[in-house]
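All remarks here apply to the structure that follows.
Residue numbers (the numbering used here): 15 to 309.
So this is what it looks like as structure tokens:
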């Protein structure tokens, strides 16, 4: 076969192979979504210190039968900052639809809200509905020399709620002559935000924590002050243990792992061990965490 004819034949074959993908991209409205893949990404937490590691477990299944994918062997996971810029990317190898990876922060990323996006190249043909997205917050690690709270008092109310009163250190924010500041609160029961107006003697913080709350983390709002974060112990419990099933829920019919995160009341990881029992009280399995409180 002449060389020119060989090249022409090779190009035509390549075009015919690529045509289905082009058609999917151009006619998404008519695409058979049963051919798509569903991406589930289970994260260890929603808030990370800037010196921690964001680890994740990935499950990719076909959209029709929810069986492990046989189409894609690589999952793309992006870490995106508030400006929409991809600041880190991981290529995760999928084996029978399963994979894992992490982003090592190492203090390289400023505090703020980040988007984690996960997708396969095949799924990009089906629009945004089949692309996994979830937000996480990155804060600076709490340090004593970064303390921005003075005159802290905790008063238990007759209702069982804890009244938290403190004064924000004026020197932390006065350099920009702020008239108001925002305080972000993370509790076991959820999140809250306080807008504090400046007074003559500083910024008075008054907050009534929910009943049975054991701790609250206060973070001074704004990119300039996001490195000021402090955890305050409210109750007598010594640790907070959280469980994170894959993709937020266990996937029926597939082997599953549950991520475990154990925090001491100082906000740092702590080693724990325990067991899982079924509804009849039978031991199913044991678990343990490393010195970082992860397991």
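Yeah, the Cβ is synthetic: ideal placement off N, Cα and C, and Gly gets one too.
CA nearest to the CA of residue 230, picked from 198, 210, 50 and 212: Here the closest residue by C-alpha is 198.
Residue 217 versus residue 297: straight-line alpha-carbon distance, rounded: For residue 217 and residue 297, the distance between alpha carbons rounds to 52 Å.
Identity of the residue in 51, 220 and 291 nearest residue 166 by Cα: It is 220.
Residue 288: first and last residue of the uninterrupted beta strand (DSSP E) it sits in: It spans 287-291 - the beta strand (DSSP E) in which residue 288 sits, taken as one unbroken run.
Completely contained beta strand (DSSP E) runs for the stretch 74-160, where each covers 3 or more residues: Runs of the beta strand (DSSP E) inside the stretch 74-160: 88-94, 100-107, 112-118, 126-133 and 146-153.
Three or more C-beta pairs below 8 Å linking the stretch 110-128 and the stretch 85-102: Enough Cβ pairs lie closer than 8 Å, so yes.
Residue 177 to residue 215 span [Cα, whole Å]: Taking the straight line joining both Cα atoms gives about 20 Å.
Counted within 10 angstroms of its Cβ, other Cβ atoms place residue 62 as buried (16 or more) or exposed: The residue is buried, with at least 16 neighbouring Cβ atoms inside 10 Å.
Limits of the beta strand (DSSP E) - the one that residue 218 falls within: Here the beta strand (DSSP E) through residue 218 covers 217-223.
Same chain, Cβ closer than 7 Å to residue 36, neighbours up to 5 away in sequence not counted: Residue placement at residue 36 cannot be trusted, given a pLDDT of 44 that sits under 50; what the coordinates show is reported in the next sentence. Take residue 36, set aside five residues on each side of it, and no residue of its chain has a beta-carbon closer than 7 Å to its own.
Residue 304 to residue 285 span [Cα, whole Å]: Cα to Cα, residue 304 sits roughly 5 Å from residue 285.
Contact set for residue 159: own chain, Cβ-Cβ below 7 Å, skip 5 residues either direction: With a pLDDT of only 46 at residue 159, under the threshold of 50, the placement of this residue in the model should not be trusted; the figure read from the coordinates follows. Within the same chain, no residue comes within 7 Å of residue 159 by CB-CB distance, once the 5 residues on both sides are set aside.
Reduced DSSP category for residue 178 - H, G, I as helix; E, B as strand; rest coil: Three-state DSSP puts residue 178 in a strand.
With 16 other Cβ atoms within 10 Å as the buried cut-off, status of residue 133: Buried, by the Cβ-count rule.
Of the residues 51, 123, 275 and 113, the one placed nearest residue 70, counting alpha carbons only: The candidate whose alpha carbon is nearest that of residue 70 is 113.
Residue span of the beta strand (DSSP E) that contains residue 50, given as start and end: First-last for residue 50: undefined, no H or E at that position.
Buried or exposed (CB count within 10 angstroms, at least 16 for buried), residue 289: Flag for residue 289 reads exposed.
Beta-carbon spacing of residue 201, residue 224 below 8 Å: Yes, the Cβ-Cβ distance between residue 201 and residue 224 is below 8 Å.
Candidates 306, 84 and 265: closest to residue 287 by CA position: Comparing Cα-Cα distances from residue 287 to each of 306, 84 and 265, the minimum goes to 306.
Expected contact under 8 Å - CB spacing of residue 153 and residue 243 to nearest Å: 5 Å between Cβ atoms; contact.
Own chain partners of residue 60 with C-beta closer than 7 Å, once the 5 adjacent residues on each side are dropped: When the five nearest sequence neighbours on each side are left out, the beta carbons in the same chain lying within less than 7 Å of the beta carbon of residue 60 are those of 150 and 151, in order along the chain.
Beta carbon of residue 175 nearer than 8 Å to that of residue 222: In this structure, residue 222 lies closer than 8 Å to residue 175 by Cβ.
Residue 258 in three-state terms, based on DSSP: In this structure, residue 258 counts as strand in the three-state DSSP scheme.
C-alpha distance - residue 196 paired with residue 73, whole-angstrom precision: Looking at the backbone, the Cα of residue 196 and that of residue 73 are separated by about 38 Å.
Among 283, 137 and 57, the one whose alpha carbon lies nearest that of residue 116: Ranking the options by Cα distance to residue 116, first place goes to 57.
Reduced DSSP category for residue 296 - H, G, I as helix; E, B as strand; rest coil: Note: residue 296 maps to coil in three-state DSSP.
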